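Chemist: In this text, residue positions in the sequence shown follow numbering that gives the first Met the number 0: the first is 0, and each later residue adds one. First the structure, which I've put down as structure tokens, then a few questions once you've had a look.
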Amino acid sequence: MRVHIYTDIDTLFGRAARLWMDVLLQAGHEAEFIDMGNSTEAPLPDAGPSDINLLIAGIYALPRFARQGLPRHGKHVLWMFDPLTRDASATVHSYKAGLFDAIAPGLHAVMAMDAAIARYLAQHFPALTTFHLPYLVADKHVREPLAEALRSRDIVMLGGDTLRRREAERLFLANDTSRPLKAEFIWSGLWGAARDACRAGARIHLNVHADAELHYFDQFRTFEAWAAGTAVVSDSFEGWEDFGIQPGVHLAMAELQDLPWACAELLADVPRREAMVRASQALLRERFSPAAWQGRMLAMMESIA
Numbered sequence: 000m001r002v003h004i005y006t007d008i009d010t011l012f013g014r015a016a017r018l019w020m021d022v023l024l025q026a027g028h029e030a031e032f033i034d035m036g037n038s039t040e041a042p043l044p045d046a047g048p049s050d051i052n053l054l055i056a057g058i059y060a061l062p063r064f065a066r067q068g069l070p071r072h073g074k075h076v077l078w079m080f081d082p083l084t085r086d087a088s089a090t091v092h093s094y095k096a097g098l099f100d101a102i103a104p105g106l107h108a109v110m111a112m113d114a115a116i117a118r119y120l121a122q123h124f125p126a127l128t129t130f131h132l133p134y135l136v137a138d139k140h141v142r143e144p145l146a147e148a149l150r151s152r153d154i155v156m157l158g159g160d161t162l163r164r165r166e167a168e169r170l171f172l173a174n175d176t177s178r179p180l181k182a183e184f185i186w187s188g189l190w191g192a193a194r195d196a197c198r199a200g201a202r203i204h205l206n207v208h209a210d211a212e213l214h215y216f217d218q219f220r221t222f223e224a225w226a227a228g229t230a231v232v233s234d235s236f237e238g239w240e241d242f243g244i245q246p247g248v249h250l251a252m253a254e255l256q257d258l259p260w261a262c263a264e265l266l267a268d269v270p271r272r273e274a275m276v277r278a279s280q281a282l283l284r285e286r287f288s289p290a291a292w293q294g295r296m297l298a299m300m301e302s303i304a
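Rendered as structure tokens:
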């Protein structure tokens with residue numbers, strides 16, 4: 000097979016694209032990485048003939064595909080990380096659902112990261128071939144955790160600016176816990192190696208859902224934080240059992256208003272954080288490495304071709 004792997008944010012999704020390249024090349028297929036860049040208006044790159052186009056599409060590529068259509072050659076597979084809803088009150092995810100709905104007729108399959116996306120597809124696009132493939136992390140990107148003395152940040156939240164996340168920031172600034180909290184909410188401008196270093200140098204990586212309506216497991220941010228060797232505190236979410244996650248063992252979980260308290264407790268307990276990192280990295284290696292999924296990854300692609 001000849002596979003073109005498209006993404007729009009190389010410094011965010013580049014690892015996922017190159018992971019696919021490694022799996023395909025090792026199996027004897029041809030694979031080419033196509034960086035679309037961050038424009039939502041530019042014409043699609045003409046990459047020539049392909050059997051399959053694997054789309055790892057974020058906030059720039061989805062509107063571009065919706066306006067201009069999908070690549071001219073080959074069959075199209077989307078690896079979908081974000082949950083989707085037509086509930087307009089979930090502004091972030093209903094916007095992405097509108098873009099997805101526009102391109103869905105041109106797709107040949109979707110790789111859904113979790114059961115929630117699969118349910119959306121079964122309800123609205125029952126004829127569309129759906130596979131299950133979570134976010135994966137190559138072993139080479141799972142790094143030795145930094146020693147406590149080398150960590151320069153306490154709490155870091157990396158994500159888009161939404162009302163819910165601003166409310167979380169306000170709660171941390173109000174800081175009615177028993178110890179001072181230094182929480183940094185970084186909305187944009189930190190990518191690639193700088194983003195990795197920020198995660199690795201933090202004592203806690205904080206996950207806050209973009210919208211109040213959808214509480215899902217944010218695999219992308221959580222797995223990347225675990226790979227960096229950092230403990231995760233997450234806004235409560237559903238479906239953790241499906242991933243083999245044990246709250247309190249692999250991460251700490253709390254309701255939005257209780258996140259500052261959860262972080263304060265974890266900051267004060269270095270051995271607990273270190274144990275969480277060990278457990279979470281073991282889970283990554285056991286269940287979410289390419290080695291655990293490569294047979295199914297190849298079977299999916301070969302069934303589409």
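We put the CB at the ideal spot given by N, CA and C, even for glycine. From a predicted model like this one, the values you see are computed outputs, not experimental measurements.
Short check: CB of Glu166 to CB of Asp86, under 9 Å?
Modeler: If you number the sequence shown from 1, residue 166 lands on position 167. If you number the sequence shown from 1, residue 86 lands on position 87. No. Outside cutoff.
Chemist: Should Leu205 go down as buried or exposed, given a rule of 16 or more other Cβ atoms within 10 Å for buried?
Modeler: Counting from 1 along the sequence shown, the entry for residue 205 is found at position 206. So Leu205 ends up on the buried side.
Chemist: Taking Arg156 as part of the alpha helix (DSSP H), name the residues at either end of that continuous run.
Modeler: Here residue 156 refers to the residue found at position 157 when the sequence shown is read from its first residue. One detail in the question is off: residue 156 reads as Met in this sequence, not Arg. Note, Met156: premise wrong, no alpha helix (DSSP H); beta strand (DSSP E) at Arg152 to Leu157.
Chemist: Tell me the rounded alpha-carbon separation between Val2 and Ala16.
Modeler: One-based indexing of the sequence shown puts residue 2 at position 3. One-based indexing of the sequence shown puts residue 16 at position 17. Answer to the nearest angstrom: the Cα atoms are 11 Å apart.
Chemist: Have a look at Tyr94 and Val22 and give me their C-alpha separation to the nearest angstrom.
Modeler: To locate residue 94, count along the sequence shown from 1; it is residue 95. To locate residue 22, count along the sequence shown from 1; it is residue 23. Whole-angstrom Cα-Cα distance: 32 Å.
Chemist: Relative to the alpha-carbon of Arg169, which residue among Leu258, Pro42 and Gly294 has its alpha-carbon at the smallest distance?
Modeler: Translated into positions along the sequence shown, residue 169 becomes position 170. Residue Leu258 is the option with its Cα nearest to Arg169.
Chemist: Bridge partners for Pro246 per DSSP, in chain order?
Modeler: Here residue 246 refers to the residue found at position 247 when the sequence shown is read from its first residue. Partner(s): Leu250.
Chemist: Could you check where the beta strand (DSSP E) with Ala318 kicks off and where it finishes?
Modeler: Nothing about residue 318 can be read from this structure; the chain reaches only from 0 to 304.
Chemist: Give a yes or no on whether the C-beta atoms belonging to Arg63 and Met35 are separated by under 9 Å.
Modeler: Along the sequence shown, one-based indexing puts residue 63 at 64. Along the sequence shown, one-based indexing puts residue 35 at 36. Yes, Cβ-Cβ distance for Arg63 and Met35 is below 9 Å.
Chemist: Please state whether DSSP places Thr6 in a helix, a strand or coil.
Modeler: Within the sequence shown, residue 6 is the residue found at index 7, counting from 1. Thr6: strand per DSSP, three-state reduction.
Chemist: Between Gly188, Thr90 and Ala251, which lies nearest to Asn37 when the distance is taken from Cα to Cα?
Modeler: On the sequence shown, residue 37 is found 38 positions in, with the first residue counted as 1. The residue with the shortest Cα to Cα distance from Asn37 is Gly188.
Chemist: How many angstroms separate the CA atom of Phe156 from the CA atom of Pro48?
Modeler: For the purposes of this step, residue 156 is taken as residue 157 along the sequence shown, with counting starting at 1. For the purposes of this step, residue 48 is taken as residue 49 along the sequence shown, with counting starting at 1. Inspection of the sequence shows that residue 156 is occupied by Met rather than by Phe. Straight-line Cα distance between these residues: approximately 41 Å.
Chemist: Ordered along the chain, which non-local residues of its own chain (more than five positions away) have a Cβ less than 8 Å from that of Ile244?
Modeler: Working through the sequence shown from its first residue, we reach residue 244 at position 245. Around Ile244: Phe216, Leu250 and Leu282.
Chemist: Tell whether a beta-carbon distance below 9 Å holds between Ala279 and Ala253.
Modeler: The residue you call residue 279 lines up with position 280 of the sequence shown. The residue you call residue 253 lines up with position 254 of the sequence shown. Sequence check: residue 279 is Ser here, not Ala. Their beta carbons are not under 9 Å apart, which means Ser279 does not touch Ala253 by this criterion.
Chemist: May I have the straight-line CA-CA distance separating Phe32 from Ile4, to the nearest angstrom?
Modeler: As a position in the sequence shown, residue 32 is number 33, starting the count at 1. As a position in the sequence shown, residue 4 is number 5, starting the count at 1. Rounded to the nearest angstrom, the two C-alpha atoms are 5 Å apart.
Chemist: Kindly indicate which three-state DSSP category Thr221 falls into: helix, strand or coil?
Modeler: In the sequence shown, the residue the question calls residue 221 occupies position 222. In the structure shown, Thr221 sits in a helix (DSSP, three-state: H, G or I).
Chemist: Could you tell me how far apart the beta carbons of Ala199 and Arg142 are, in whole angstroms, since I believe they sit closer than 8 Å?
Modeler: Looking up residue 199 in the sequence shown gives position 200. Looking up residue 142 in the sequence shown gives position 143. Confirmed, Cβ separation roughly 7 Å.
Chemist: Roughly how many angstroms separate the alpha carbons of Ala230 and Ile55, rounded to a whole number?
Modeler: For the purposes of this step, residue 230 is taken as the residue at position 231 of the sequence shown. For the purposes of this step, residue 55 is taken as the residue at position 56 of the sequence shown. Distance between the alpha carbons of Ala230 and Ile55: 26 Å.
Chemist: For the pair the segment 129-142 and the segment 102-114, tell me if three or more CB-CB distances fall below 8 Å.
Modeler: Result yes; three or more Cβ-Cβ pairs closer than 8 Å.
Chemist: Hey, Ala209 and Val76: beta-carbon distance below 9 Å or not?
Modeler: In the sequence shown, counting from the first residue as 1, residue 209 sits at position 210. In the sequence shown, counting from the first residue as 1, residue 76 sits at position 77. For Ala209 and Val76, no; Cβs fall outside 9 Å.
Chemist: Mind checking who Phe130 pairs with in its DSSP beta bridge?
Modeler: The residue labelled residue 130 in the question sits at position 131 within the sequence shown. For Phe130, which the question treats as bridged, DSSP gives the partners Met110.
Chemist: Which same chain residues end up closer than 7 Å to Phe171 when comparing Cβ atoms and leaving out the 5 residues on each side of it in sequence?
Modeler: For this step, residue 171 is matched to residue 172 along the sequence shown. Only Leu180, Ala182 and Pro259 meet the Cβ criterion.
Chemist: Just the C-alpha distance for Ile58 and Asp7, rounded to the nearest angstrom, thanks.
Modeler: Sequence index remark: in the sequence shown, residue 58 carries index 59 (1-based). Sequence index remark: in the sequence shown, residue 7 carries index 8 (1-based). About 8 Å.
Chemist: Please go through the same chain and pick out, in chain order, the residues whose beta-carbon is closer than 8 Å to the beta-carbon of Leu145, but skip the five residues on each side of it.
Modeler: Translated into the one-based positions of the sequence shown, residue 145 becomes position 146. Only Ala199, Gly200 and Gly228 meet the Cβ criterion.
Chemist: Where does Arg295 land, buried or exposed, given buried means 16+ other C-beta within 10 angstroms?
Modeler: Numbered from 1 along the sequence shown, position 296 holds the residue referred to as residue 295. Classification of Arg295: exposed, given that the 10 Å Cβ count is below 16.
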